[in-house]
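Asks: Dropping the structure in here first, questions after.
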Amino acid sequence: MKRDNFYFEANKNAWNSKTPVHIGSEFYDVKNFKKGQTSLKFIELEELGDVKGKSILHLQCHFGMDSLSLARMGAKVTGIDISDKAIEEAKKLNDELNLDAEFVCCNIFDLPKIINKKFDIVFTSYGVIGWLPELNEWGKIISHFLNPNGIFYMVEFHPFIWMFDDEFKFFQYSYFMTEPIKETYSGTYADKNADIQNTSYGWNHTFSEILNSLIKQGLEIKFLNEFPFSTYNCFSNMEKIGVDKYVFENHKDIIPYLYSIKAIKKT
């Protein structure tokens with residue numbers, strides 16, 4: 000992973016820049032979150048089920064709202080993120096809300112050097128694996144931190160989505176593209192008018208790469224679900240079709256937007 004340090008550092012800087020904007024944005028709605036509103040969406044709430052008393056490792060947690068939502072549900076949560084600014088904000092929120100989540104700032108590929116315990120659940124969601132150059136090591140990290148019979152759960156944007164241009168009108172990238180995608184942009188998905196500029200690097204991943212990275216580590220896939228909507232209004236040219244359901248104006252619900260995976264680490 001040393002060869003990818005340039006990309007990781009650029010992305011860390013980008014997320015450090017975005018974090019203060021996100022904290023104050025309507026998109027994240029921290030004000031109502033502090034009043035008790037969950038940040039979790041109905042998909043993961045339904046599919047994860049009861050997490051009370053479970054230990055959860057939350058990979059790529061940003062500034063911790065989902066981690067803290069899980070903590071409110073009775074889980075013992077450890078959140079991980081590469082952005083030191085995001086982790087600082089997560090710790091502040093945790094203290095302000097008098098919760099007992101823990102937060103660690105590091106690249107997830109360095110995590111086995113930092114944390115020496117196992118978890119009942121490894122959780123990750125929405126816009127995460129596109130920041131990782133390859134997934135075999137990711138699968139190893141997940142397996143490494145799971146207890147026997149532990150659960151891995153993810154909900155993520157569909158690989159199909161990342162083939163489009165920024166306006167989601169035509170295909171710009173190959174489904175099988177493996178090279179890093181460089182993007183220089185103003186604003187952020189949470190506030191497109193924010194006065195920030197960043198350059199970041201991402202990677203597309205096929206379903207075969209995603210699934211095989213888990214299967215190779217002995218994880219048993221319990222389900223793979225796909226959804227004809229996004230739970231976030233975070234892309235260009237989207238319209239609302241229901242509570243936490245958004246689609247592209249020109250594609251509607253005929254394409255996949257999200258998928259979820261649940262896998263078990265067998266003993």
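Sequential numbering of the sequence shown, starting at 0, is according to numbering that gives the first Met the number 0. All C-beta atoms in this analysis are idealised placements derived from N, C-alpha and C, irrespective of residue type, glycine included. These numbers were taken from a predicted model, which means no experiment stands behind them.
Provide the residue span of the alpha helix (DSSP H) that contains I114, from first to last.
Replies: Indexing the sequence shown from 1 puts residue 114 at position 115. Run containing I114: none; DSSP gives neither H nor E here.
Asks: Taking the straight line between their C-alpha atoms, what separation do you get for E182 and N135?
Replies: Along the sequence shown, read from residue 1 onward, the residue named residue 182 stands at position 183. Along the sequence shown, read from residue 1 onward, the residue named residue 135 stands at position 136. Distance between the alpha carbons of E182 and N135: 24 angstroms.
Asks: Could you name the residues that DSSP lists as bridge partners for M275?
Replies: Beyond the ends of the chain as shown, which are 0 and 266, falls residue 275; an answer cannot be given.
Asks: Between the beta-carbon of V121 and the beta-carbon of F151, is there less than 7 angstroms?
Replies: Your numbering for residue 121 matches position 122 in the sequence shown. Your numbering for residue 151 matches position 152 in the sequence shown. In this structure, F151 lies closer than 7 angstroms to V121 by Cβ.
Asks: Whole angstroms are fine: how far does the CA of K11 sit from the CA of I195?
Replies: On the sequence shown, residue 195 is found 196 positions in, with the first residue counted as 1. On the sequence shown, residue 11 is found 12 positions in, with the first residue counted as 1. Straight-line Cα distance between these residues: approximately 14 angstroms.
Asks: Note down, in chain order, each residue of its chain lying with its Cβ closer than 6 angstroms to the Cβ of D190, except the 5 sequence neighbours on either side.
Replies: Taking the first residue of the sequence shown as position 1, residue 190 is located at position 191. Within the same chain, D190 has close Cβ partners V20, S24.
Asks: Using 8 angstroms for Cβ pairs, my map puts I55 next to I107. What's the rounded Cβ distance?
Replies: Position 56 of the sequence shown, counted from the first residue, corresponds to residue 55. Position 108 of the sequence shown, counted from the first residue, corresponds to residue 107. Not quite, the Cβ-Cβ distance comes to about 15 angstroms (not below 8 angstroms), so this is no contact.
Asks: Since M64 is in the alpha helix (DSSP H), which residue starts that stretch and which ends it?
Replies: By one-based count along the sequence shown, residue 64 stands at place 65. Segment 64-71, the alpha helix (DSSP H) holding M64.
Asks: Thinking just about the alpha-carbon of each residue, which of G35, T77, D94, L145 is nearest to the one in Q216?
Replies: By one-based count along the sequence shown, residue 216 stands at place 217. If we check each option's Cα against that of Q216, L145 comes out closest.
Asks: Verify whether the separation of the beta carbon atoms of K264 and G149 is less than 7 angstroms.
Replies: If you number the sequence shown from 1, residue 264 lands on position 265. If you number the sequence shown from 1, residue 149 lands on position 150. Cβ distance < 7 angstroms, so K264 and G149 count as in contact.
Asks: Would you report the Cα separation of L44 and V242, rounded to the nearest angstrom?
Replies: Working through the sequence shown from its first residue, we reach residue 44 at position 45. Working through the sequence shown from its first residue, we reach residue 242 at position 243. One C-alpha to the other measures close to 14 angstroms.
Asks: Starting from A193, follow the beta strand (DSSP E) in both directions and report where the run begins and ends.
Replies: Taking the first residue of the sequence shown as 1, we reach residue 193 at position 194. No beta strand (DSSP E) holds A193; DSSP gives it neither H nor E.
Asks: So does the stretch 239-254 actually touch the stretch 200-211, counting three or more Cβ pairs closer than 8 angstroms?
Replies: No: fewer than three Cβ pairs fall under 8 angstroms.
Asks: With 16 as the cutoff for other CB atoms within 10 Å, does L218 come out buried or exposed?
Replies: Numbered from its first residue, the sequence shown carries residue 218 at position 219. L218 comes out buried.
Asks: DSSP three-state label for G217, please.
Replies: If you number the sequence shown from 1, residue 217 lands on position 218. Looking at G217 - three-state DSSP - the assignment turns out to be coil, as it is neither helix nor strand.
Asks: DSSP three-state label for A89, please.
Replies: By 1-based counting over the sequence shown, the position of residue 89 is 90. A89: helix per DSSP, three-state reduction.
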